[in-house]
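Undergrad:
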Amino acid sequence: MNETVNLKTLIASDKPLTLAILAMGGQGGGVLADWIVALAEEQGWMAQSTSVPGVAQRTGATIYYIEMLPARDGVSPIFSLMPTPGDVDVVLAAELMEAGRSVLRGLVTPDKTVLIASTHRSFAVGEKEKPGDGIGDPTVVVGATDFAAKRTIVFDMDTLALKNGSVISASMFGALAAADVLPFSKDAFEATIRGGGKGIEASLKAFNAAFDRARARPRDEISASPPKRFDAMPETAGHPELDRLVHRLRAEFPEVALPLLFAGVKKLADFQDPAYAGEYLDRVGQLHALDRANGGEEKDYAFTVQSAKYVAVAMAYDDVIRVADLKTRGSRFDRVRKEVGVKQDQILYMTEYMHPRMEEVCGALPKGLGLWVEKRPKLFSWLDRRINKGRRVQTGTLFWFLTLYTLAALRRIRRGTLRHLRETEHLEAWLNAATPLLSRNYDLAVEVINNRRLVKGYSDTHARGLSKFDRVMSALMTLSDREDGAIWMKRLRQAALLDENGIALDGALKTVATL
Numbered sequence: 001m002n003e004t005v006n007l008k009t010l011i012a013s014d015k016p017l018t019l020a021i022l023a024m025g026g027q028g029g030g031v032l033a034d035w036i037v038a039l040a041e042e043q044g045w046m047a048q049s050t051s052v053p054g055v056a057q058r059t060g061a062t063i064y065y066i067e068m069l070p071a072r073d074g075v076s077p078i079f080s081l082m083p084t085p086g087d088v089d090v091v092l093a094a095e096l097m098e099a100g101r102s103v104l105r106g107l108v109t110p111d112k113t114v115l116i117a118s119t120h121r122s123f124a125v126g127e128k129e130k131p132g133d134g135i136g137d138p139t140v141v142v143g144a145t146d147f148a149a150k151r152t153i154v155f156d157m158d159t160l161a162l163k164n165g166s167v168i169s170a171s172m173f174g175a176l177a178a179a180d181v182l183p184f185s186k187d188a189f190e191a192t193i194r195g196g197g198k199g200i201e202a203s204l205k206a207f208n209a210a211f212d213r214a215r216a217r218p219r220d221e222i223s224a225s226p227p228k229r230f231d232a233m234p235e236t237a238g239h240p241e242l243d244r245l246v247h248r249l250r251a252e253f254p255e256v257a258l259p260l261l262f263a264g265v266k267k268l269a270d271f272q273d274p275a276y277a278g279e280y281l282d283r284v285g286q287l288h289a290l291d292r293a294n295g296g297e298e299k300d301y302a303f304t305v306q307s308a309k310y311v312a313v314a315m316a317y318d319d320v321i322r323v324a325d326l327k328t329r330g331s332r333f334d335r336v337r338k339e340v341g342v343k344q345d346q347i348l349y350m351t352e353y354m355h356p357r358m359e360e361v362c363g364a365l366p367k368g369l370g371l372w373v374e375k376r377p378k379l380f381s382w383l384d385r386r387i388n389k390g391r392r393v394q395t396g397t398l399f400w401f402l403t404l405y406t407l408a409a410l411r412r413i414r415r416g417t418l419r420h421l422r423e424t425e426h427l428e429a430w431l432n433a434a435t436p437l438l439s440r441n442y443d444l445a446v447e448v449i450n451n452r453r454l455v456k457g458y459s460d461t462h463a464r465g466l467s468k469f470d471r472v473m474s475a476l477m478t479l480s481d482r483e484d485g486a487i488w489m490k491r492l493r494q495a496a497l498l499d500e501n502g503i504a505l506d507g508a509l510k511t512v513a514t515l
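Just so we're aligned: the sequence shown equals residues 1 to 515 in the UniProt record's numbering.
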């Protein structure tokens, strides 16, 4: 029937056909295993499935293991409870890195195994905990599976399932049917889904879409990092003030900076208002004038481009007003309802975990009042003991929704808050450190602008990032007159992004101190 399984040999022997499924919670790995067992039994085969759960969500997937043999009169087969490395016919991985884990475990072998895997990512804890970009390189996994497996079917089965109103187990079942590794017809696969009794139409739709996709194009091309996408600038933004900003972009700035500038204008108009986005263009315009005066055209205006990005990031800081605004938007409720598959007749409740500190409360106050509270340590500590506690906030309830909605409405007075004052002061100090370098060490000036990447988030996350930023910038005096200053500044920033506690940064700073 196919190159992977010789059915005549299989049926004549006592060796079972073996399948391993690697799936995380919520991906329907148990449903997929049940479908495969039911399919085999409906076709007169004997089958057994077992499962070994992972340690925790995203630290290890559950492995479902299935063995099956044609039924024989008077013979009761003895099936294994666990897959044996080097002896698995089919591996189904519900996520790309789980496909990589299956290779490391020895479940995938080049002389035997057909690997069916989805290319989408559910990031592991080790990837998400990095202060910088800790995402693993997917091309390494793809290269390993190409070498390790006899045949691979890999494409984004999760997105395909979502588009068809189902979950990934249905699309993986369709890819398994298309692979021709089981001696059962497509009709038999579909009959198994119909026998499930729940979500039949959506599951069949996803099954058939995956079946057709696997037959037509079984492989997705995977790149190390997805291409950056920016919205094209429209001729009109539908608002007079925004239209004026778009026209100003085209008239005053180089083409190479327009995508980031347009993204910045959109971000800051959403963060505050169009006037605030205009202030952003004023500031970047001043930086671009300095860039042009110092030969920036020869460098493709790198200083202007990076300023367009990070000045927008700095001006759209995450304060309690912004957090409350984002958590009460109708678009967010709609997105979550879509992600979890909530039906029209169902009620959705979201529970947010919040841990406010007195620093955030003072930051949201008018600057005079905020400073008054901060200058009274006893009062500050007394208030902090009552505020600095973890809270589970249900944004679907009237009380908490109105509380956050009221906080979001404070954006009208944001420019007068203590947090805005401090963010503006920090922005000025950062740019004042970068601009004098343009005339004598252009590349270092660009790296100083890039250092703003270290400052992100709010609360403890923001405090840690700000501390790392200050430590990296402390090396500027040492590096400012060195030809390789830009290289060392970039190394310091990369070290700061390696771990949360800044251990790598400590070592890098010691090295710079010896230069």
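Cβ atoms here follow ideal geometry from the backbone N, Cα and C, with glycine treated the same way.
(1) Please classify G465: is it buried, with 16 or more other beta-carbons within 10 angstroms of its beta-carbon, or exposed?
(2) What residue does the beta strand (DSSP E) around Q286 start on, and which one ends it?
(3) Three or more beta-carbon pairs under 8 angstroms between the region 339-351 and the region 389-405, yes or no?
(4) With a threshold of 16 other CB atoms inside 10 Å of the CB of N208, please say whether the residue is buried or exposed.
(5) Along the chain, where does the beta strand (DSSP E) containing S49 start, and where does it finish?
(6) By how many angstroms is the C-alpha of A277 removed from the C-alpha of P143?
(7) Do you know how far the Cα of G330 is from the Cα of Q57?
(8) Suppose you measure from the CA of I413 to the CA of V256; what does that come to, to the nearest Å?
(9) Which word fits T435, buried or exposed, when buried means at least 16 other C-beta atoms lie within 10 angstroms of its C-beta?
(10) Once DSSP output is grouped into helix, strand and coil, what is the label at E483?
(11) Tell me whether V90 sits in a helix, a strand or coil according to DSSP, three-state version.
(12) Consult DSSP for Y301 and reduce its assignment to one of helix, strand or coil.
(13) Mind the definition here: the region 324-344 touches the region 281-300 only if three or more C-beta pairs lie below 8 angstroms; say whether that holds.
(14) Compute the minimum distance between the beta carbon of A463 and the heavy atoms of the ligand SAH, and state whether it is under 7 angstroms.
(15) Using 8 angstroms as the cut-off, can you tell me whether the region 23-42 makes contact with the region 100-116, which would need three or more C-beta pairs spanning the two stretches below that distance?
(16) Do M354 and R391 have their C-beta atoms within less than 8 angstroms of each other?
(17) Where do the N-terminal and C-terminal ends of the alpha helix (DSSP H) with E221 fall, by residue?
(18) What are the partner residues of T152, as DSSP defines its beta bridges?
(19) Given this structure, state the Cα-to-Cα distance separating K309 from P259, to the nearest angstrom.
(20) Please list, in chain order, all residues of the same chain as L497 whose beta carbon is under 6 angstroms from its beta carbon, the five residues on each side excluded.
(21) Going by alpha carbons, who is nearest to M477 out of M82, N501, L509, R452?
(22) Counting beta carbon pairs with one atom in the region 260-279 and one in the region 292-303, are three or more of them shorter than 8 angstroms?
TA: Per the coordinate set shown:
(1) Using a 10 angstroms sphere on the CB of G465, the tally of other CB atoms reaches 16 or more, which defines it as buried.
(2) First-last for Q286: 274-293, but that is the alpha helix (DSSP H), not the beta strand (DSSP E).
(3) Yes: at least three Cβ pairs fall under 8 angstroms.
(4) By the neighbour-count rule (16 or more Cβ atoms within 10 Å), N208 is buried.
(5) 45-52
(6) The residue asked about is misnamed: residue 143 is Gly in this sequence, not Pro. The straight-line gap from Cα to Cα measures roughly 45 angstroms.
(7) The predicted position of Q57 is uncertain, since its pLDDT is 47 and thus under 50; a value taken from the coordinates is nonetheless stated next. For Q57 and G330, the distance between alpha carbons rounds to 29 angstroms.
(8) 35 angstroms
(9) buried
(10) coil
(11) Reduced to three states, the DSSP call for V90 is strand.
(12) coil
(13) No: the two stretches stay apart, fewer than three of their Cβ pairs being nearer than 8 angstroms.
(14) This structure lacks the ligand SAH, and indeed carries no ligand of any kind.
(15) No, they do not touch.
(16) yes
(17) E221 -> no alpha helix (DSSP H), and no H or E assigned at all.
(18) L115
(19) 10 angstroms
(20) Excluding residues within five positions, the ones whose Cβ falls inside 6 angstroms are P131, G132.
(21) L509
(22) When Cβ pairs closer than 8 angstroms are counted between the two stretches, the region 292-303 is seen not to touch the region 260-279, the count staying below three.
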